[in-house]
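The structure under discussion appears below in the form of structure tokens.
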Amino acid sequence: MTHAGKLIVIEGPDHVGRTLHARLLSARLKANGIATHIIGLARSELMGEIVKSRTADIHQLNWRTRSLLYATDLHDQIKHEAEPLLDAGFVVIADRYTLTPRIREEVRGGDGDWIESLYANTPDPDAMIVLHAGPRRLLNRIMFGERLEALNHFESGMDLALSTSITSSFLQYQKILRQEFQKAGKKSSATLIPTRHTVEEVHDKIWDSVRPVVENMLQPIDGN
Amino acid sequence: MAKNGILIAVEGMDGSGKSTQAKLLYHWLRAKGLPVFHTEWNSSKIVKEATKKGKNTQRLLPMTFHMIHAADFADRWTQQIEPVLEIGGIVICDRYKYTAMARDGSRDVPREVIEETYSFAREPDLTLYFDVPVDVSFDRIAKGRPRLKFYEAGMDMGWTTDPFESYRIFQGKVSEIYSRLVEEGRIIRLDAEGTVAEVQSRVRTTFDKHIDLSSVQVIDQSDRLAQNLSESDIDWLSYSGGDGK
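If you read the protein sequences in the order shown, they are chains A and B. Residues 7 to 230 (my numbering) make up the first sequence, in order. Residues 111 to 355 (my numbering) make up the second sequence, in order.
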């Protein structure tokens, strides 16, 4: 199915800078005359509130139920937001798409092929970017952001029983996630970008991989 | 993997009487002292919340309707159904994946998609399809009800603006898919016309014909009695031989 618009996917673990870079990309596209819309996990009208307010309960569910709830959430955004906007010529930026919901269940023993089948009818990305960073860098960002106490059991992979310390569990869990993201990213020919550099440098790299896709839609700020 | 336990499903249109019969089947097996568990479609707590919201706001579309009901089923599958089968028990499912095939299929979700989503749910050892003429089930549901619910009537599909007419169209499609499943041998047709007792007698006959209970461990009578006692008020006097000591 071809759309007038484009779908740009940005994937990667928490605290890697995904949301910041999705916003920067969106701002730059808008400045260049392109209408944008950001979708992401747990943001649907249908499921967003429930997923956010019942996070702990959802983390307790088995991987199949959780996968189906996140699939419902994404399908709701695709049908009600992404598809109509893509048809209208928007650039839709997905701040996480189908990779995160698959990888984080796969590392917990979930069946990746089955999870992928739940997304069989979703639009293919026109460009996909996987952001990655070392586990310690992610942890440093959390500490500097004074959010260490908010680090939760699931997001630290404590349920995998890697360590009894939440920080060292986090480091080991993020190491596994990073490997999986890189593997999956390469497989789907995504652009892998480390976020250890400055925000501008990372943004420029993202722009380099997005630009070819939106080239003929751009209306430069300074005119022609 | 060895197939553990006995999995029974009942299917049929709203108003076919299948829930009444499934409960009677449950009480019959329970009266035999067998470890039996009964579970209903769309009853998992956390998922139900989301489904309710989607229905109230009329936001659910065929694909999200499909996914969210699968989430409910997956939750019950891992928390209730599979664990009981695992220990050799009997599970009665009031609606199973064939309901998704019938309802989501009527909403044009491709059959392959539905099969794949529910691929973790094995074929039951017996699936009874409670077959009543569409008119009969229609009357049972529509009679005495001022209005039908939006999704129940299939109003989301926009076939017609009249809920009762829409319901009839929807049930017609559902019935067609069930008939196809019968032809494919996935579900067994059971004549569901007649009194509750008549139908229950047919249910038991069909059950006996298809299911061998010899491998199911009966719960000891002492445990059943102890369980009953633990849930009742104890009149000590009657236990102490009447002298209260």
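Think of the CB as a built atom: it goes at the ideal place given N, C-alpha and C, for glycine as much as any other residue. Note that this is a predicted model, so its numbers are computed, not measured.
Beta-bridge pairing by DSSP links Ala100(A) to Val15(A) and Ile45(A). A residue is called buried when at least 16 other Cβ atoms come within 10 angstroms of its Cβ; Gly95(A) does not meet this threshold and is exposed.
When 7 angstroms is used as the limit between beta carbons, Ser229(B) is near these residues of chain A: Trp120, in chain order.
Going by DSSP, Val201(B) is part of the beta strand (DSSP E) stretching over Ile200 to Asp204. In the three-state scheme derived from DSSP, where H, G and I count as helix and E and B as strand, Leu144(A) is classed as helix. For Ala119(B), the enclosing beta strand (DSSP E) has its first and last residue at Ile116 to Gly122. For Lys142(B), the closest C-alpha among the options Ala210(B), Gly351(B) and Ile329(B) is that of Ile329(B). One alpha carbon belongs to Leu31(A), the other to Gly18(A), and they sit about 16 angstroms apart.
One alpha carbon belongs to Ile227(A), the other to Lys58(A), and they sit about 38 angstroms apart.
Look at the beta carbons and you see the stretch 179-193 of chain B not touching the stretch 235-245 of chain B: under three pairs across the two are nearer than 8 angstroms. Within the same chain, Gly11, Lys12, Leu13, Ile14, Thr42, His43, Ile44, Ile45, Glu87, Ala88, Leu91 and Leu92 come within 8 angstroms of Val98(A) by CB-CB distance, once the 5 residues on both sides are set aside.
For Gln178(A) and Val313(B), the gap between their C-alpha atoms comes out near 55 angstroms. Assignment of Phe230(B) by DSSP, reduced to helix, strand and coil, places it in the coil class. With respect to Ala132(B), Ile202(B) sits close: the two C-beta atoms are nearer than 9 angstroms. Between the C-alpha atoms of Ala160(B) and Ser332(B) there is a straight-line separation of about 42 angstroms.
Within the stretch 145-167 of chain A, no residue places its CB atom closer than 7 angstroms to a CB of chain B. Proximity to Arg213(B) across Ile118(B), Gly122(B) and Asp345(B) peaks at Gly122(B), based on C-alpha coordinates. Contact annotation: in the stretch 113-124 of chain B, no residue has its CB less than 8 angstroms from a CB in chain A.
Excluding its 5 nearest sequence neighbours in each direction, Ala252(B) has C-beta neighbours in its own chain below 8 angstroms: Leu258, Phe274 and Tyr277, listed in chain order. For His65(A), none of the residues of chain B pass the 7 angstroms Cβ criterion, the least Cβ distance being about 11 angstroms.
When CB distances to chain B are screened at a threshold of 8 angstroms, the residues of the stretch 34-54 of chain A falling below it are Glu51, Leu52 and Met53, in chain order.
Distance from the CA atom of Asn152(B) to the CA atom of Ser340(B), rounded to whole angstroms, is 31 angstroms. Ranking Ile116(B), Val284(B) and Gly125(B) by CA distance to the CA of Val306(B) puts Gly125(B) first.
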